[in-house]
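Protein chains in written order, with the numbering used here: chain A, 1 to 210; chain B, 1001 to 1210.
Using N, Cα and C, we set each Cβ at its ideal position, and we do this for glycine too.
Report on the structure given below.
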DNA sequence: TGGAAGTTGATATTTTTTTCACAATGATAA
DNA sequence: TTATCATTGTGAAAAAAATATCAACTTCCA
Ligand SMILES: NC(=O)c1ccc[n+]([C@@H]2O[C@H](COP(=O)([O-])OP(=O)(O)OC[C@H]3O[C@@H](n4cnc5c(N)ncnc54)[C@H](O)[C@@H]3O)[C@@H](O)[C@H]2O)c1
Ligand SMILES: NC(=O)c1ccc[n+]([C@@H]2O[C@H](COP(=O)([O-])OP(=O)(O)OC[C@H]3O[C@@H](n4cnc5c(N)ncnc54)[C@H](O)[C@@H]3O)[C@@H](O)[C@H]2O)c1
């Protein structure tokens, strides 16, 4: 592994770093330049110690009097979690969810962009959707390799999940974010995240009934 | 607390129980009646020990020869995570995401239903969307209390988040699933879950670049 | 009949994640 | 100058989560 400047961070810390950056952008907009661990913690429903521990892990130091310098912290988080050249993303399945995600995400991050989307419905393909070209799914491998896309978001109809996943692996995708309710299994050199709103709601329902 | 039949389960176990049930439904459809821990584990990318541990926590016993009886297990998971009378949900913000979620979720679970949705755009209110009545947000408290809705999904425009959250708390909501990128803080008797696709994608990008 | 294979259930252990506790620092003001 | 205060950074402890290990049970088959 060539780049070894990246510390070996706990997964939870990586998620929080992304969230820290999000709220820090808001703070900048409000005109703040510095922030204390307890302020950041409050905004994220965490403890100040948790915040300091995370920042310690990425090697960032603040000052006791002024706290952390927001723009430096944002920059450092970027160095840690962004890739320098940027990372391209594909969304496969331009139904309700795929379109919602594409229109929401587009332009949100400098180093992460949705470079192509796919569907198998000719009504949707060969046009621009939310500023992104929509290709027919049978061009998936070609486009992914040409554009050097490494990450895919799966929002196809459930019954198409396994087929499309196979195509993605064949195109040597490196990470998949699976929103279909069909669980996937991938080789261990491919990173997989899954999310289902049903799980979140059932968890909430469980907590509420207690 | 009246109901004390509910074991005090780890949050992670609750999430997995919801997912077990989801894949078990699929297995039933494929004609299976019994399942071994290693099969369930494989489908969910877990270890068999993890599966057995979770089932132990809810007090379910299988047989060494036949494994677990799928329909019994589904029923028991239901007893644990579902509320008997069912739980009603509101979705606030009928934009792209709110509509995608509503159409996806409706009819998916017996004990969890989206009973009302809200928006502030007169073009969207006072009609049926994906089978659910859409009210103007200024009727939020009234409808939530009349329908006895305890859980809300927040998918409004970011700038409306705090206002709407305040209204939900005022209507004595018990759980909020927040999809806006604006972090919320709620009283501790209210349960809060947050999810943002940007976090998932940034985490994936981090893992991919390593 | 006996033993090999494969499974569950549970205790023990390890790993990961969070929290505690406090020394060190620097700013403030008496 | 010196005491006070709020803050950071971090080793140590605790809590939570995952994994290892293995006895006990069932089935099957030689
Ligand atoms: N994880 C969540 O929280 C969540 C929320 C909503 C929906 N979903 C899931 O996301 C998926 C999409 O949901 P939706 O509401 O957008 O459904 P949808 O029916 O609106 O969209 C599905 C899209 O997939 C396309 N498609 C079907 N087969 C395809 C194939 N082989 N190749 C390429 N595209 C194909 C269809 O043309 C359609 O555009 C479904 O699997 C649904 O279960 C998940
Ligand atoms: N968490 C995620 O992964 C994710 C993904 C996509 C979008 N989002 C967020 O979800 C929200 C909705 O996204 P979208 O793409 O559907 O946007 P959208 O603009 O399509 O929808 C927003 C809806 O909220 C309604 N609204 C605005 N103010 C309101 C108010 N005061 N009361 C009631 N309704 C109000 C609007 O009328 C509109 O229908 C945004 O905050 C967006 O940032 C999150």
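Buried versus exposed call for residue i [16 or more other C-beta atoms within 10 Å across all chains shown]
| i | result |
| --- | --- |
| residue 1003 of chain B | The predicted position of residue 1003 of chain B is uncertain, since its pLDDT is 36 and thus under 50; a value taken from the coordinates is nonetheless stated next. Residue 1003 of chain B comes out exposed. |
| residue 1011 of chain B | exposed |
| residue 194 of chain A | buried |
| residue 978 of chain B | Within the shown structure, residues of chain B are numbered from 1001 to 1210, placing residue 978 of chain B beyond reach of any answer. |
| residue 1086 of chain B | exposed |
| residue 148 of chain A | exposed |
| residue 63 of chain A | exposed |
| residue 1065 of chain B | exposed |
| residue 1001 of chain B | Summary for residue 1001 of chain B: the model assigns pLDDT 34, below 50, so the residue's position carries little reliability; its value from the coordinates is reported in the next sentence. It is exposed - the Cβ of residue 1001 of chain B has fewer than 16 other Cβ atoms within 10 Å. |
| residue 127 of chain A | exposed |
| residue 119 of chain A | buried |
| residue 145 of chain A | exposed |
| residue 135 of chain A | buried |
| residue 1005 of chain B | At residue 1005 of chain B, the pLDDT of 49 sits below 50, so the modelled position is not reliable; the number obtained from the coordinates is stated separately. It counts as exposed. |
| residue 170 of chain A | exposed |
| residue 25 of chain A | exposed |
| residue 959 of chain B | Since the first residue of chain B shown is 1001 and the last is 1210, residue 959 of chain B is not available in this structure. |
| residue 1098 of chain B | buried |
| residue 1121 of chain B | exposed |
| residue 1008 of chain B | exposed |
Bridge partners - residue i, DSSP secondary structure assignment
| i | result |
| --- | --- |
| residue 1116 of chain B | B/1090 |
| residue 1136 of chain B | B/1119 |
| residue 109 of chain A | A/112 |
| residue 194 of chain A | A/178 |
| residue 1063 of chain B | B/1067 |
| residue 1023 of chain B | Per DSSP, none; premise fails for residue 1023 of chain B. |
| residue 34 of chain A | A/69 |
| residue 1128 of chain B | B/1133 |
| residue 1154 of chain B | B/1092 and B/1178 |
Proximity test, residue i beta-carbon vs ligand 1 heavy atom, cut-off 8 Å
| i | result |
| --- | --- |
| residue 181 of chain A | yes |
| residue 42 of chain A | no |
| residue 96 of chain A | yes |
| residue 1093 of chain B | no |
| residue 1117 of chain B | no |
| residue 143 of chain A | no |
| residue 124 of chain A | yes |
Cβ-heavy atom distance, residue i to ligand 2, below 8 Å
| i | result |
| --- | --- |
| residue 133 of chain A | no |
| residue 1121 of chain B | yes |
| residue 129 of chain A | no |
| residue 1196 of chain B | yes |
| residue 113 of chain A | no |
| residue 103 of chain A | yes |
| residue 1164 of chain B | yes |
| residue 75 of chain A | no |
| residue 1137 of chain B | yes |
| residue 246 of chain A | The structure shown does not extend to residue 246 of chain A, since chain A is modelled only from 1 through 210, so no value can be given for it. |
| residue 1155 of chain B | yes |
| residue 1203 of chain B | no |
| residue 1161 of chain B | yes |
Cβ-Cβ separation, residue j to residue i (assumed contact under 8 Å), whole Å
| i | j | result |
| --- | --- | --- |
| residue 164 of chain A | residue 190 of chain A | At roughly 14 Å, the Cβ-Cβ gap does not stay under 8 Å, so residue 164 of chain A and residue 190 of chain A are not in contact. |
| residue 74 of chain A | residue 17 of chain A | In fact, because the Cβ distance is near 10 Å, the residues do not count as touching under 8 Å. |
| residue 1176 of chain B | residue 1154 of chain B | 6 Å |
| residue 1113 of chain B | residue 1088 of chain B | 6 Å |
| residue 94 of chain A | residue 69 of chain A | Not confirmed; about 42 Å, so no contact. |
| residue 1150 of chain B | residue 1174 of chain B | 4 Å |
| residue 1100 of chain B | residue 1152 of chain B | The Cβ separation is near 17 Å, so there is no contact. |
| residue 162 of chain A | residue 186 of chain A | No, residue 162 of chain A and residue 186 of chain A are not in contact; Cβ-Cβ is about 11 Å, not under 8 Å. |
| residue 180 of chain A | residue 1019 of chain B | At roughly 13 Å, the Cβ-Cβ gap does not stay under 8 Å, so residue 180 of chain A and residue 1019 of chain B are not in contact. |
| residue 1023 of chain B | residue 206 of chain A | Not a contact, Cβ separation roughly 18 Å. |
Residue i Cβ short of 8 Å to ligand 4 heavy atom set
| i | result |
| --- | --- |
| residue 158 of chain A | For ligand 4, the structure offers nothing, since it holds only ligand 1 and ligand 2. |
Which residues of the segment 1191-1202 of chain B have a Cβ closer than 7 Å to any Cβ of chain A? Give them in chain order.
1191, 1193, 1195, 1197, 1198, 1199, 1200, 1201 and 1202
Members of the segment 176-188 of chain A near chain B, C-beta cut-off 7 Å:
177, 181, 183 and 185
If contact means a Cβ-Cβ distance below 8 Å, which residues of the segment 37-52 of chain A contact chain B?
42, 43, 44 and 45
Please name the residues in the segment 137-153 of chain A whose beta-carbon is closer than 8 Å to at least one beta-carbon of chain B, in chain order.
150, 151 and 153
Please identify, using Cβ separations under 8 Å, the residues of the segment 1104-1124 of chain B that lie next to chain A, in order along the chain.
Answer in chain order: 1104, 1105, 1108, 1109, 1111 and 1112.
By the 7 Å beta-carbon criterion, what residues does the segment 12-29 of chain A contribute toward chain B?
14, 15, 18, 19, 22 and 23
Taking beta-carbon pairs under 8 Å, can you tell me which members of the segment 71-86 of chain A lie near chain B?
Flagged, chain order: 80, 81, 82 and 83.
Below 9 Å between beta carbons is the criterion; list the residues of the segment 1088-1101 of chain B that meet it against any residue of chain A, in chain order.
Answer set for the segment 1088-1101 of chain B: 1089, 1095, 1096, 1097, 1098, 1099, 1100 and 1101.
Using a Cβ-Cβ cut-off of less than 8 Å, list which residues of the segment 155-171 of chain A approach chain B; keep chain order.
none
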